[in-house]
Amino acid sequence: MVKCNLSRLMGERKLKIVDVARATGLHRNMITLLYNETASRVDLDAVDKLCAYFGVSVGELFEYVPVTSEQVVQSNQQ
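Using the working numbering, read the sequence shown as starting at 1 and increasing by one per residue.
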């Protein structure tokens with residue numbers, strides 16, 4: 001699965017969702033979805049703006065976390 005580190009980046013800088021939305025021009029709803037890791041897709045323009053704003057690479061904003069087959073089974077049962 002892909003993990004978004006936006007909440008960590010914002011927490012380190014003591015930023016609110018509205019702060020990031022205003023600074024990047026992104027819709028508050030998109031920031032909220034990424035912050036809560038509930039977004040199912042992300043526009044590359046949004047990724048570009050967030051990386052530029054935080055001064056990080058795509059790999060620092062997002063990271064790949066391997067999912068075990070046991071986690072997949074548990075996820076399907078819920």
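Every residue gets a Cβ at the ideal spot worked out from N, C-alpha and C, and that includes glycine.
In this text, all values refer to a predicted model and were calculated from it rather than measured experimentally.
- Around the C-beta of Val20, 16 or more other C-beta atoms lie within 10 Å, and the residue is accordingly described as buried.
- Per DSSP, Val58 lies in no beta strand (DSSP E); the unbroken alpha helix (DSSP H) holding it starts and ends at Val58 to Leu61.
- Between the beta-carbon of Gly25 and that of Lys49 there is about 7 Å, and that keeps the pair under the 8 Å contact cut.
- A Cβ-Cβ distance of about 16 Å is found for the pair Val58 and Met1, leaving them out of contact under the 8 Å criterion.
- Rounded to the nearest whole angstrom, the C-alpha separation of Thr32 and Val67 is 24 Å.
- Lys3 sits close to Glu63, with the two beta carbons spaced by under 8 Å.
- Going by beta carbons, Leu34 and Leu6 fall inside the 8 Å limit.
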